Each structure stands twice: as C-alpha cells, then as structure tokens.
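> Encoded as structure tokens, here's the structure I'll be asking about.
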Amino acid sequence: MSTGGNVMSSRGQHRQLRAFECTNGKLFFSRAKVFRGKKVIGDYDIKVEQAEFSEINLVSNSNGTCNVDMQVIRGGTKVVRSFKPDFVLVRQHAFSMAQNEDFRNLIIGLQYAGVPSVNSLDSIYNLCDKPWAFSQLINNQKRLGSEKFPLIDQTFYPNYKDMALRKEYVDGLLLSLFW
7 MSTGGNVMSS
17 RGQHRQLRAF
27 ECTNGKLFFS
37 RAKVFRGKKV
47 IGDYDIKVEQ
57 AEFSEINLVS
67 NSNGTCNVDM
77 QVIRGGTKVV
87 RSFKPDFVLV
97 RQHAFSMAQN
107 EDFRNLIIGL
117 QYAGVPSVNS
127 LDSIYNLCDK
137 PWAFSQLINN
147 QKRLGSEKFP
157 LIDQTFYPNY
167 KDMALRKEYV
177 DGLLLSLFW
C-alpha cells in the first residue's frame with residue numbers, strides 16, 4: 007500500500023493513510039469522525055474523504071500514482087481538495103441508465119493506478135452491466151446444476167427491436183385464446 011500521504015505537521019513529519027469513500031449521496035454518518043485520531047500500524051493517521059462519483063475527477067498513471075480532485079458542498083460551503091488515495095471504499099453504483107450517471111471511467115482510473123479497494127474494482131466494473139453479471143450466474147448454474155444453483159429464467163435481447171412480438175407468435179396466441 008502506498009503512503010501517498012506523508013504530511014508535515016508541527017510535530018514533524020508523520021504518515022497518513024488516505025481512505026476514500028465513494029458514497030451514494032446519503033451520508034448517514036461521517037466515517038471521517040469515526041476514524042479521527044485513530045492510527046493504523048501504530049504511526050499512520052487515518053484521513054477519510056467522502057464524496058459521490060459526480061463530485062470527483064482523477065488522473066492515474068501506470069506507475070501507480072492516482073491524484074483525486076474533489077469538489078463537495080459541506081454545510082453550505084464548497085470544499086475543494088486534491089489528494090492521493092491509499093485505499094478506496096465504493097458505496098455507489100458506477101453506472102446507471104440515467105443521464106450523466108456513467109462513472110465507469112473512474113473505476114478504470116482507480117484500477118489503472120492499482121488503488122486497493124474493500125470491494126473488488128473488477129466486480130464493481132462487471133456489475134455495471136446487469137446482463138453481463140447474469141450471464142456469469144448462468145455459467146455458475148451450468149457448472150453446479152440448476153438444483154444447486156437455481157435462477158429465475160430471463161430472456162436477453164441485444165436491442166429493443168428484437169423484443170417486438172413476431173406475427174406468428176401473436177396469431178398462435180390469439181388462436182389459443184379463442185379456440
């Protein structure tokens with residue numbers, strides 16, 4: 007784990023573990039308050055930053071460095087910070103069909119720099135696409151059997167046009183209803 011948080015203080019130089027949490031906008035409690043004054047491995051202060059994906063931007067390098075810029079509103083005040091995360095906890099979906107809700111590029115950036123995460127960045131990225139995730143479950147069902155790994159049957163259509171009912175199916179359905 008990198009210690010991207012070597013910081014100068016009045017007591018001299020001390021180390022800091024920068025934990026970053028991507029939240030879903032509902033801060034039920036502040037992890038920063040929970041970890042304030044706590045240390046890891048004896049001499050690493052813990053500094054927690056909390057923000058939504060929409061409030062951050064990042065730049066990652068293949069040498070393992072990742073710089074995060076964060077702009078959040080806290081208590082009516084705009085807070086702007088830049089830091090290098092040592093660790094990340096993601097508690098927000100990285101992709102939604104809603105406009106401007108695709109943050110897969112941030113997950114890729116964290117993975118690119120090799121930033122450790124509580125929840126696997128691979129799994130977060132794979133769960134951005136629900137049919138892809140379900141296809142992985144289907145593979146497990148094939149391997150284990152439907153008795154040990156039951157799934158609800160679903161149908162995948164590559165686009166909405168394929169979802170239209172075919173005339174032969176509709177005619178057969180009408181015949182069976184009125185026969």
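Take 7 as the starting number for the sequence shown in this note's numbering and just add one per residue. No residue lacks a Cβ here, since even glycine has one placed at the ideal position from N, Cα and C. Keep in mind it's a predicted model, so treat the numbers as computed, not measured.
When the Cα atoms are used, what is the spatial distance from Tyr50 to Lys136?
Rounded to the nearest angstrom, the two C-alpha atoms are 39 Å apart.
> Distance check for Lys84 and Gln160, CA to CA, integer angstroms please.
Each residue's alpha carbon lies about 46 Å from the other.
> Specify the secondary structure class of Glu61 as computed by DSSP and reduced to three states.
Looking at Glu61 - three-state DSSP - the assignment turns out to be helix.
> Compute the Euclidean distance between the alpha carbons of Ala104 and Ser123, then round it to the nearest angstrom.
C-alpha separation (whole angstroms): 26 Å.
> CA-CA distance, Tyr131 and Ala119?
C-alpha separation (whole angstroms): 15 Å.
> State buried or exposed for Pro91, treating a residue as buried only when at least 16 other CB atoms are found within 10 Å of its CB.
That one is buried.
> Mapping DSSP to helix, strand and coil, what is Tyr166?
Looking at Tyr166 - three-state DSSP - the assignment turns out to be helix.
> State the start and end residues of the unbroken alpha helix (DSSP H) segment that holds Ile158.
That residue, Ile158, is in no alpha helix (DSSP H); it is neither H nor E in DSSP.
> How long is the line joining the alpha carbons of Phe162 and Lys148, rounded to whole angstroms?
Cα-Cα distance, rounded: 17 Å.
> Name the one or two DSSP bridge partners that Asn73 has.
For Asn73, which the question treats as bridged, DSSP gives the partners Val65.
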